[in-house]
Structure formats: structure tokens, C-alpha cells
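For reference, the structure is listed below as C-alpha cells.
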Amino acid sequence: MEPAVSLAVCALLFLLWIRVKGLEFVLIHQRWVFVCLFLLPLSLIFDIYYYMRAWVVFKLSSAPRLHEQRVRDIQKQVREWKEQGSKTFMCTGRPGWLTISLRVGKYKKTHKNIMINLMDILEVDTKKQIVRVEPLVTMGQVTSLLNSIGWTLPVLPELDDLTVGGLIMGTGIESSSHKYGLFQHICTAYELVLADGSFVRCTPSENSDLFYAVPWSCGTLGFLVAAEIRIIPAKKYVKLRFEPVWGLEAICDKFKHESQRQENHFVEGLLYSLDEAVIMTGVMTDKAEPSKLNSIGNYYKPWFFKHVENYLKTNQEGLEYIPLRHYYHRHTRSIFWELQDIIPFGNSPIFRYLFGWMVPPKISLLKLTQGETLRKLYEQHHVVQDMLVPMKCMIPALHTFHNDIHVYPIWLCPFILPSQPGLVHPKGDETELYVDIGAYGEPRVKHFEARSCMRQLEKFVRSVHGFQMLYADCYMNREEFWEMFDGSLYHKLRDQLNCHDAFPEVYDKICKAARH
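Numbering-wise, the sequence shown is residues 1 to 516 according to the UniProt record's numbering.
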């Protein structure tokens, strides 16, 4: 009984402290208390529920039959909206706080919400090497199922809670993208419900204009109800090499060289300052040297970016064998390096051993409990951006990041960008090698002002024919936005499919200049 009494007393004192200080004060100045006591346990419950549900649905093979019924229900909702006069735009009924994007979608309150309850893996066809999934299936679900039967996605973006729909309507990338491209480039078919309630399937050879226009469109051409994605055979481990590199030119040369080597299944860089980085290259394998096995995903292990930094501090190269699923979600536990700002002591051995099994908190729950004051504080003093620039422009790009925002570590991920129709493609007619430069954290540049600094960064990215990932805050005006993205096919499809009364233009949906 004594532990229970002690716990009750602690809980009572905590509630009294909140009463005296106020909930807003605690959420802003001592957020780790709220996260550790409430959000971590709640996040664990969420994970268990969704894992068990996905497992049961797949084992009972009920998803295909129910899928058709759920699609008909979506069509019915769209047709009812049309019969009622099409008075407002439509959007999915999924609450804005459930998305991974830190942006709060205020349009959910004014648009007609179409309920889309599609979160199941429908079919795995190992002969055709295709998996068919609904849009709310997460990367955590995909790796859990596919890896267990010896398969994987060629491009499997990092965080567990990223959804297939978000990765198609937005975009997705991983350290295998130098071989396979972005997430959209491993998709072979999309199924959508359009503005008139009709159902359509599109592939590179069937309704091809729509197929190429859907990625990056953010749900402004129709409602995605299923997708077919390529799968490839998986192996048990990733044989990962760590190489510390000094000097910006040497870093960029090494990174480009490894990105062009097709024998590398994975290539990634972590930049700890403008002239210090660790370049990692990996290949899948079924055999591992026991003495070099590192199950980095175990809850008590150091956060991955801190583990990598040790190779830089000791000036040593390294070789490790990491279980495949652990590798795919190597940044999940620390949400890359964002969690160190929320739980400053989260990487300490004591915390990891006692509470690491509950980490990370759900990003959606962090958003839900953020509050307007904290949201504005984050907006002005926190950066979460991914900029995609040609590899040949990597050195000036990193100088620009350093001068405009000065956030470290920086994530470096190479990818090939095919010359295909759509919103995003290279300037020329040939496939080009690009790099995703990811900056997540508190800017250290003096007198940082979010709008002016980000507009300066966006201007540079446009000047080198680069692209800004649309999950993040975007400060461009309409003319600048359509200078960055090729809207020719997109606008053609919006006209053909009568989208203008049904869905907002992508710029109006995501850009801050359009929402304020």
C-alpha cells in the first residue's frame, strides 16, 4: 500500500502545483512534467490499440470486403455535399491535431468534413511485389507486417506515425531514396473519390495525368482511398558504416560520392556543425557479426543521433549491424533530435532504463496539448523545415542554412528526382540527384525572426530550382509558390475534374500568406 499512497500524494501535490501556477505556465515552462506524467502513458495506449487492431484486421482478412463498403460511404458523403449546394470546400474529417505536420489546419473548422475511416493493409501480393493499403496506414504498421514476412518498402520514411496518404499527398523520403526516389516514385496506382463522388483508379498508363498530379497536391484533387506500392525482399540487418568527415567541401564530396554508389542501399549524413559531419552508408544483409550487433531501437539504448556523434568525438570510423526495423525507425524514439527540447534529460541512462519504453510521445498529442501561446512561441523560436535542393548546390545551400537559421544537427538525405510530369521535377529533361536538408530545432542565429529568415531561405531554394516540403510553415506568396512548383498539370486537372468548388488550391491550403 505504501507505494500507492506515495503515488497518490505526489499526484495531489502536482495538481495543487498546477492550481497555483496555472496549466498554461506548466505547459510552457515545465512541459516535460506534463509529457512524462500524461502524454507518454497515453501515447503507449494509442500504440497498443492501433497495433492490435491492425493485427486482428489482417489476420481475419476482413479488410477488402469492408474497404469497398467504406469507399461507398465516402462517395455517398460527397454526393450529399453536392446535393446540398456545394456551399463550402471539402476536406477529410481527420482532426488536424492527428497529423504529423506541426501546422494547425484551421480550414477543418470551415470546410465540409468527409469522414474517411481507412486505416487497413488490404493485400500483400508477393508475386507482383505489391502491397495495397488504405491512406491512414502508418509506417509503423507497414514495417511490422512486411518485415515479419520477409518484405519491405523500397522507401520507408522514418517516423512510425507517418501515413501513406500523407506521404503521397505530401511527400516522403528515406536514406534509400538515392536509389528509388521519393515515396511517390515507388507507388504504382492510386484510387480516389473525385469531386463529383465518382471513383477512379490511376496508374502511369491509365489516367496518367491524374497519377502524376496527385503527389504534393495535399488532397486538393480528390480523396485518396487506396494505393498500391512496390515491395522488395527484406533482409534481417543493415550493415552500417560510420565515417566522420571534417571540412564542408570534403563532407559534400564524400556525401555525393556515396550517394552515386548504387551498391549502397542506404546513405545518410548528420551535420553537427558547418564543417563536422558523420556520413553513414548501409547495405542489407542476413548475417551479422555478434560482437558488432547493435539493436539501436531498444528503449534503453542511446538516442541514435547522440550515438552517431560519438564517432565524431572520438574521430573513429565504425561498423555495426542493426536489425532492419530498428534501422528504419532509428530516429523515431528521439523524433530526430526534437525530443531533447521537450525532455532535456531524455537521453540520460536513468531515464532511458526507467521510462524509455514509453518514448516517444505522440506528435499528435503534443499538438493537441500545445495551446495557442505555446504554438505561437514555437512558431517564432523553432524551425522544422525540409528543403530539397540539387546536389550540385549543396555547399551554398548549407552556407545559407548556417547564416539564416543556424540549427544543428542537420539531416542530409540524398534522392534521385526523375523527369516526370507533376508539381515537382528537375529543371532539365533528365533524372537529377538532389539532397534533402532537414533542419529541426531552435535557431541560434542572432535576432532570428521567423518570417523574414524563412523567406530568405525560401528565396535561395527557388533560385537553385529546389523545393520546400509542404508539411512545414511556408511563407511564400502565390507568385513565388508557383515559381517553385510546376502547376501546369495540376491546374489542368483541377479544371477537368471541377475541383474549384470542391477543394481549395494547394497554395491556399498550406501557405501562411494565404491563411492570415
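Backbone N, C-alpha and C define an ideal beta-carbon position, used for all residues, glycine too.
Buried or exposed: S61, going by 16 or more other Cβ atoms within 10 Å of its Cβ? Sequence index remark: in the sequence shown, residue 61 carries index 61 (1-based). In this prediction, S61 has a pLDDT of 48, which is less than 50 and means its spatial position is unreliable; nothing more can be read from the coordinates.
Who are the near neighbours of residue 517 in its chain, counting only those whose CB is closer than 6 Å to its CB and skipping five residues on each side? Residue coverage of the chain in this structure runs from 1 to 516, which leaves residue 517 outside it and unanswerable.
Based on the DSSP secondary-structure assignment, which residues constitute the bridge partners of E468? Start at 1 with the first residue of the sequence shown, and residue 468 comes out as number 468. In the sequence as presented, Glu is not what sits at residue 468; that position holds Gln. Bridge partners of Q468: M387.
Between T314 and the rest of its own chain, which residues show a CB-CB distance below 8 Å, the 5 nearest in sequence each way excluded? Stepping through the sequence shown from its first residue, residue 314 is reached at position 314. Cβ within range, chain order: n/a, list empty.
May I have a chain-ordered list of the alpha helix (DSSP H) segments no shorter than 4 residues that lie completely inside the segment 372-460? Counting only runs of 4 or more, we get 394-404.
Which same chain residues end up closer than 6 Å to E228 when comparing Cβ atoms and leaving out the 5 residues on each side of it in sequence? The count along the sequence shown starts at 1 and reaches residue 228 at position 228. Close CB contacts of E228 within its chain, under the 6 Å cut and outside five residues either way in sequence, are with I130, R132, T188 and A189 (chain order).
Pick helix, strand or coil for T92, following the three-state DSSP scheme. Here residue 92 is taken as the residue at index 92 of the sequence shown, counted from 1. Three-state result, T92: strand.
8 Å CB neighbourhood of S198 in its chain, flanking five on each side removed: Taking the first residue of the sequence shown as 1, we reach residue 198 at position 198. These residues qualify, in order along the chain: Q75.
Can you say whether E505 is buried or exposed, counting buried as having 16 or more other CB atoms within 10 angstroms of its CB? The sequence position of residue 505 within the sequence shown is 505, counting from 1. It counts as buried.
Euclidean distance between Cα positions of R333 and E268: Looking up residue 333 in the sequence shown gives position 333. Looking up residue 268 in the sequence shown gives position 268. Looking at the backbone, the Cα of R333 and that of E268 are separated by about 18 Å.
In whole angstroms, give me the CA-to-CA distance for N207 and R201. Walking along the sequence shown from the start, residue 207 turns up at place 207. Walking along the sequence shown from the start, residue 201 turns up at place 201. Cα-Cα distance, rounded: 7 Å.
When you compare the CB positions of N498 and D196, do they come within less than 8 Å of one another, or not? The residue you call residue 498 lines up with position 498 of the sequence shown. The residue you call residue 196 lines up with position 196 of the sequence shown. In this structure, D196 lies closer than 8 Å to N498 by Cβ.
Are E338 and Y440 touching if we call contact CB-CB under 8 Å? Locating residue 338 in the sequence shown gives position 338, counting from the first residue. Locating residue 440 in the sequence shown gives position 440, counting from the first residue. Y440 is positioned such that its CB atom lies closer than 8 Å to that of E338.
Which one of A226, Y353 and F336 has the shortest CA to CA distance from Y299? For the purposes of this step, residue 299 is taken as residue 299 along the sequence shown, with counting starting at 1. It is Y353 whose Cα lies nearest to the Cα of Y299.
Rounded distance between the beta-carbons of I416 and G181, thought under 8 Å: By one-based count along the sequence shown, residue 181 stands at place 181. By one-based count along the sequence shown, residue 416 stands at place 416. Indeed they touch by this definition, with Cβ atoms about 5 Å apart.
Leaving aside the five residues before and after E80 along the sequence, list all residues of the same chain whose C-beta is less than 8 Å from its C-beta, in chain order. Counted from its first residue, the sequence shown places residue 80 at position 80. Counting only Cβ-Cβ distances below 8 Å, and skipping sequence neighbours, we find nothing.
Measure the alpha-carbon distance for P204 versus W216 and round it to whole angstroms. What you label residue 204 is simply residue 204 of the sequence shown in a count that begins at 1. What you label residue 216 is simply residue 216 of the sequence shown in a count that begins at 1. Per the coordinates, the alpha-carbon of P204 lies some 16 Å from the alpha-carbon of W216.
Flag this pair as touching only if the segment 220-239 and the segment 138-155 have three or more C-beta atom pairs under 8 Å; answer yes or no. Inter-segment contact for the segment 220-239 and the segment 138-155 is present: three or more beta-carbon pairs are separated by less than 8 Å.
If contact is defined by three or more beta carbon pairs under 8 Å, each pair taking one atom from either stretch, is the segment 377-396 in contact with the segment 444-459? Yes, the segment 444-459 touches the segment 377-396.
Inspect the beta-carbon positions of N294 and T281 and report whether they are closer than 8 Å. Translated into the one-based positions of the sequence shown, residue 294 becomes position 294. Translated into the one-based positions of the sequence shown, residue 281 becomes position 281. Their beta carbons are not under 8 Å apart, which means N294 does not touch T281 by this criterion.
Simplified DSSP assignment, three categories, for S61: Along the sequence shown, read from residue 1 onward, the residue named residue 61 stands at position 61. Low confidence applies here, because S61 scores a pLDDT of 48, under 50, leaving its location unreliable and the question unanswered by this model.
If you draw a straight line from the alpha carbon of R325 to that of V35, how long is it in whole angstroms? Looking up residue 325 in the sequence shown gives position 325. Looking up residue 35 in the sequence shown gives position 35. Distance between the alpha carbons of R325 and V35 is about 26 Å.
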